[in-house]
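Quick note: the sequence shown uses numbering that gives the first Met the number 0, first residue 0, plus one each step.
The structure appears right after this line, and notes come after that.
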Amino acid sequence: MQKVSYSLCSLFFLFLTLHCFSQVEYINTDRPDQSDGVYIVPKNQFQLEYGIIVANQTFLNDAMLRYGLTRSTEIRLQLDAGKEVSAKGMKPVSISAKQRIIKQHKFLPAVSFVGYVWFENIASKDFNGNKIPYELKVAFENELSNNFVIAYNIGAADEFKALNLTLNLGITLSNKVSTFVEYFSTIKQLGNLHNLDAGILVVPKPQLQFDIAIGNSIVGANNSFFTTIGVSYIFKRRE
Numbered sequence: 000m001q002k003v004s005y006s007l008c009s010l011f012f013l014f015l016t017l018h019c020f021s022q023v024e025y026i027n028t029d030r031p032d033q034s035d036g037v038y039i040v041p042k043n044q045f046q047l048e049y050g051i052i053v054a055n056q057t058f059l060n061d062a063m064l065r066y067g068l069t070r071s072t073e074i075r076l077q078l079d080a081g082k083e084v085s086a087k088g089m090k091p092v093s094i095s096a097k098q099r100i101i102k103q104h105k106f107l108p109a110v111s112f113v114g115y116v117w118f119e120n121i122a123s124k125d126f127n128g129n130k131i132p133y134e135l136k137v138a139f140e141n142e143l144s145n146n147f148v149i150a151y152n153i154g155a156a157d158e159f160k161a162l163n164l165t166l167n168l169g170i171t172l173s174n175k176v177s178t179f180v181e182y183f184s185t186i187k188q189l190g191n192l193h194n195l196d197a198g199i200l201v202v203p204k205p206q207l208q209f210d211i212a213i214g215n216s217i218v219g220a221n222n223s224f225f226t227t228i229g230v231s232y233i234f235k236r237r238e
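Set out below in structure tokens:
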């Protein structure tokens, strides 16, 4: 009887051990929506996010390489190239950084700070310039349950003359499928833009994500329908 009890206990603890080791961390991206998330790429790991954006007179390749500098800081390099109206080639190179401020505590949201800088002198002729535009943004996130997350951003751009806002509802359907609906806008003196988009993300493997999204302006612009499709991958280090 003691041997049977010992065997059952051993199997029980073996099950718990296997269950713990089977908890896999899935890739977490900042695409295809317009909101920056609070997530930081793990230290010393690279994450590549690539997509194609198609809109009226627009076809862009959008690529961002993210690197976990510390446990709470990541740096990013963004390269966009393609065609916008009559301009074509590589758009200004962007360097950005994301810093985790606090994690979520009950009803208090998780908060991260994001800063972007674009270098107009590092671009193709059609997009070349002498300015160095920047954007400062604060990202918030509230995990309401295992299935629902609200993310929202407040950002200042164009030398603090433009206010960028987003509000995103994310819905997890399963470990491998999630979807979102998002409102995003730009508020400035020359006119306000208000938009809606929605999309679906599929994660066939923990390190790999496919996504697709569509969006359109609801106030302030015409013929602004767009769609984007992309793939992302995190290059995890082997311990």
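The C-beta atom is built at its ideal place from N, Cα and C for all residues, glycine as well.
Bear in mind the structure is a predicted one, so any value in this text is a computation, not a measurement.
Report yes if the C-beta distance between residue i and residue j is below 8 Å; otherwise report no.
i	j	result
I101	V110	yes
G305	L192	Because residue 305 is not part of the residues shown, which for the chain are 0 to 238, the question remains open.
I178	I199	First, the amino acid is wrong: residue 178 is Thr here, not Ile. Yes; because the gap between Cβ atoms is below 8 Å, this pair is in contact.
K99	V37	Rather than Lys, the amino acid found at residue 99 in this sequence is Arg. Yes. Within cutoff.
Report the rounded CA-to-CA distance for residue i versus residue j, giving the unit in angstroms.
i	j	result
E83	I51	13 Å
M63	F106	31 Å
N141	N152	12 Å
V137	P203	31 Å
R30	R70	21 Å
L15	F225	Caution applies to L15, whose pLDDT of 37 falls short of 50 and renders its modelled position unreliable; the value that the coordinates give is listed next. Whole-angstrom Cα-Cα distance: 47 Å.
I205	L189	The amino acid occupying residue 205 in the given sequence is Pro; Ile does not appear at that position. Rounded to whole angstroms, P205 to L189 spans 44 Å at the Cα level.
G219	E134	21 Å
S21	I131	In this prediction, S21 scores a pLDDT of 40, lower than 50, which makes its location untrustworthy; the coordinate-derived value is nonetheless stated afterwards. Taking the straight line from one Cα to the other gives about 46 Å.
A197	V180	4 Å
G67	N127	30 Å
N60	W117	17 Å
V148	Q103	12 Å
I26	S173	14 Å
I228	D210	6 Å
F139	N129	33 Å
N145	S123	45 Å
S223	N55	7 Å
D157	V201	34 Å
R75	L143	28 Å
K90	A155	21 Å
V92	K175	32 Å
S216	S34	16 Å
F95	G81	It should be pointed out that residue 95 corresponds to Ser in this sequence rather than to Phe. Each residue's alpha carbon lies about 21 Å from the other.
T72	L78	20 Å
A161	P108	24 Å
F159	F112	16 Å
G169	A150	8 Å
What does a CB cutoff of less than 6 Å around residue i pick up in its chain, not counting 5 residues either side in sequence?
i	result
L207	Y232
T57	E83
D32	N167, F179 and E181
Q46	V40, R65 and I233
A212	P31, D196, G198 and T227
Starting from the C-beta of residue i, find all residues in its chain whose C-beta is less than 7 Å away, skip the five residues before and the five after it, and write them out in chain order.
i	result
D125	A86, K87 and G88
V53	F225 and T226
T28	E48, Q208 and S231
K235	Q44 and Q206
V243	It is not possible to answer for residue 243, since the shown part of the chain is limited to 0 through 238.
Y115	S93, S95, Y133 and E134
Quick one: does residue i have its CB under 8 Å from some CB of chain D?
i	result
I153	Considering every chain present, this structure includes no chain D. It has just one protein chain.
Please work out which residues of its chain come closer than 8 Å, Cβ to Cβ, to residue i, disregarding the five sequence neighbours upstream and downstream, and give them in chain order.
i	result
E119	P91, F126, N127, G128, N129, K130, I131 and P132
K42	G67, L68, T69 and R70
Practice item. Taking 8 Å as the threshold, find out whether the stretch 153–165 comes into contact with the stretch 175–184 through three or more Cβ pairs. Key: Contact holds: three or more Cβ-Cβ distances are below 8 Å.
Practice item. Pick out the complete beta strand (DSSP E) segments inside the stretch 148–184, 3 residues or longer, and give them in chain order. Key: Counting only runs of 3 or more residues that sit fully inside the stretch 148–184, the beta strand (DSSP E) segments are 161–171, in chain order.
Review point. Can you give, in chain order, each stretch of the beta strand (DSSP E) that sits fully within the stretch 34–120 and has at least 3 residues?
Key: Restricted to the stretch 34–120, the beta strand (DSSP E) segments that are unbroken, complete and at least 3 residues in length are 45–54, 57–67, 72–83, 86–89, 92–101 and 109–118, listed in chain order.
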